[in-house]
């Protein structure tokens, strides 16, 4: 059986019993699969023509009668029974996303763990047949006061390097090992790359390790998204050796592409990279290393390793300098990883006298509260709604995503790239619900009001946008003629409930951190807003929907991609790398699942 995917013109062989999504993934054709192919998100709509298995219950729930008549199926549910032509509509294609790569600058003392060691060696003679390595060691003892450890690669380069430039030699030391022997002054630049490996996006920063200058930055959609948007879907896919290998190769491939793009921008090559630091959540850490992450999804949610890990590039493998060092910053727990360590490091939360709160909402929501005296952290499974998942018209922050909404007597929206609206991303969703609350469209309980209520309140234009009755009520956000493939966009009662679940979990997490620390909201003096939360979501809208408690004495400080900033700091400074490892000793993780007080706070926080 053959399946042809349009508009790409790709033909792929299909095994008996395979779904359209499985065949697409094997062929490298990317289709939105937010739920990892479980049939729960409805984002993988395709038009399929040919012999197919019967429509499943999940398809019947997700597709309208008109869509069924037009030949729509869910790619994760439809099984090919013969040759099939599949058309992937624009809204079901994986899009380029708006990726946050900038972070707040942080002054550090430049002290890289990659350095040059210039030596001048005397030539061996017949009278003094000094081996090359001993020649180097004597020069090192005279210059540095100690001997050196050379890798095999450096030893292999030594004979040639030693006999050029009159014995002028430069050794390149990474941590405690000499990894390169170079004639003369050595390479023009010592290069390193800092990675923030997110569940949705991957960002790589190319740095000059001797000056601290950022030379280039590149980003990619994490290609693992083809196996599901959330970490639970990825963990499920990693349940077989083949699935785990596919996930590891996906992230390594993206990292390699970023390194190639960054180095090409300055006329260098990937093999010129001598050091890499990476942060990411604990699941991304395990998948990068090819470690089975299954235990992370099962109580008691135990990771394989939490301390910082040092590898050689050839062990992964990553195609940089073979003896380049790769440092993975420490994980805190199964659901709070090195990305949170990066946020704590770059915000200096662990060094402050005043009480501070750091919030990073991506695919998951992580929070840290404390000061130099005590530091607590927790995680809530809240992020997917803020990244467009689990929302009927939700999508990632890509061209065509509604990212800003204002509601007065009517609804006004803005899209990324000024494109035709295709869906709503997280920042737009928060603005939308905040506007619905302030305009009276939404009751504080989360109920969408009836048109009659809005007419009585003098808002007839908004009343005309309410369709359906009771629990089926929806607010028409985009008229059918204005976008979304002619279908229009609505925010449903169920969408509002999904946002309530997400924001309720985050708010409850903050309340429990405060309670555990014996503090109140009035005691918080600074709130660091990291990631998309700090740069795209309106703090005013976030406060309106109750995502955070009222913090009357706190200043709000957006810190951008703070996880990536932490990775850069650790790349440029041995002291900061050591600070990152010490954070693990300073912080205490709170597991929220199963806590009665979490359920109580959560129920209260769901209300607006």
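Residue numbers (the working numbering): 741 to 1348. Where a beta carbon is used, it is the ideal one built from N, C-alpha and C, also for glycine.
Item: Is the number of C-beta pairs between the segment 998-1013 and the segment 1050-1063 that are closer than 8 Å three or more?; Value: yes
Item: Measure the Cβ-Cβ separation of residue 1157 and residue 1180 and say whether it is below 8 Å.; Value: no
Item: Looking at the structure shown, is residue 831 part of a helix, part of a strand, or coil, going by DSSP?; Value: helix
Item: For residue 1332, which of helix, strand or coil comes out of DSSP?; Value: coil
Item: Could you compute how far the alpha carbon of residue 1247 sits from the alpha carbon of residue 1309?; Value: 30 Å
Item: Within 10 Å of its beta-carbon, does residue 1214 have 16 or more other beta-carbons around it, so buried, or fewer, so exposed?; Value: buried
Item: At what residues does the alpha helix (DSSP H) containing residue 744 begin and finish?; Value: Per DSSP, residue 744 belongs to no alpha helix (DSSP H); it is in the beta strand (DSSP E), 742-746.
Item: Would you list the one or two residues that DSSP bridges to residue 954?; Value: 947
Item: Would DSSP call residue 1276 helix, strand or coil?; Value: coil
Item: For residue 1170 and residue 742, I'd like the C-alpha separation in whole angstroms.; Value: 43 Å
Item: Identify, in the order they occur along the chain, each residue of the same chain with its Cβ nearer than 7 Å to the Cβ of residue 1239, setting aside the five sequence neighbours on each side.; Value: 1125, 1169, 1173
Item: Measuring straight from C-alpha to C-alpha, what distance separates residue 1022 and residue 1076?; Value: 6 Å
Item: Step through the CB atoms of chain C and report whether any lies within less than 8 Å of the CB of residue 783.; Value: Absent from the structure is chain C; it holds one protein chain and no more.
Item: Can you give, in chain order, each stretch of the alpha helix (DSSP H) that sits fully within the segment 839-923 and has at least 4 residues?; Value: 872-884, 892-902
Item: So, helix, strand or coil for residue 1171, using DSSP?; Value: helix
Item: On the DSSP bridge assignment, give the partners of residue 1232 in chain order.; Value: 1214
Item: Over the uninterrupted alpha helix (DSSP H) stretch that includes residue 1087, give me the two end residues.; Value: 1078-1087
Item: Assign residue 925 to one of three DSSP states: helix, strand, or coil.; Value: coil
Item: For residue 1002, count the other beta carbons within 10 Å of its own beta carbon; 16 or more makes it buried, fewer makes it exposed. Which is it?; Value: buried
Item: DSSP three-state call for residue 1065: helix, strand or coil?; Value: strand
Item: At which residues does the alpha helix (DSSP H) containing residue 1323 begin and terminate?; Value: 1314-1326
Item: Assuming residue 938 contacts residue 1102 (C-beta within less than 8 Å), just tell me the rounded distance between them.; Value: 6 Å
Item: Would you identify the three-state DSSP class for residue 1135, choosing helix, strand or coil?; Value: coil
Item: Considering only the beta carbon of each residue, do residue 1030 and residue 1068 sit closer than 8 Å?; Value: no
Item: Which of helix, strand or coil does DSSP assign to residue 1184?; Value: coil
Item: Decide if residue 1201 is buried, meaning its Cβ has at least 16 other Cβ atoms within 10 Å, or exposed.; Value: exposed
Item: According to DSSP, residue 1268 sits in a beta bridge with which residue or residues?; Value: 1098, 1297
Item: Please look up how many angstroms separate the CB atoms of residue 870 and residue 890, rounded, as I've assumed it's under 8 Å.; Value: That pair is no contact at about 16 Å.
Item: Determine, using beta carbons only, whether residue 1345 and residue 1286 come nearer to each other than 8 Å.; Value: yes
Item: From the DSSP output, in three-state form, read off residue 1031 for me.; Value: coil
Item: Does DSSP classify residue 1166 as helix, strand or coil?; Value: helix
Item: How big is the Cα-Cα spacing for residue 1149 and residue 1264?; Value: 36 Å
Item: My parser needs the beta strand (DSSP E) runs of 3 or more residues fully inside the segment 976-1047; what are they?; Value: 1013-1020
Item: Does the beta-carbon of residue 1130 have 16 or more other beta-carbons within 10 angstroms, so that it is buried, or is it exposed?; Value: buried
Item: Strictly by DSSP, which residues pair up with residue 752?; Value: 743
Item: Assuming residue 932 and residue 854 make a contact with CB atoms under 8 Å, what is their CB distance in whole Å?; Value: 7 Å
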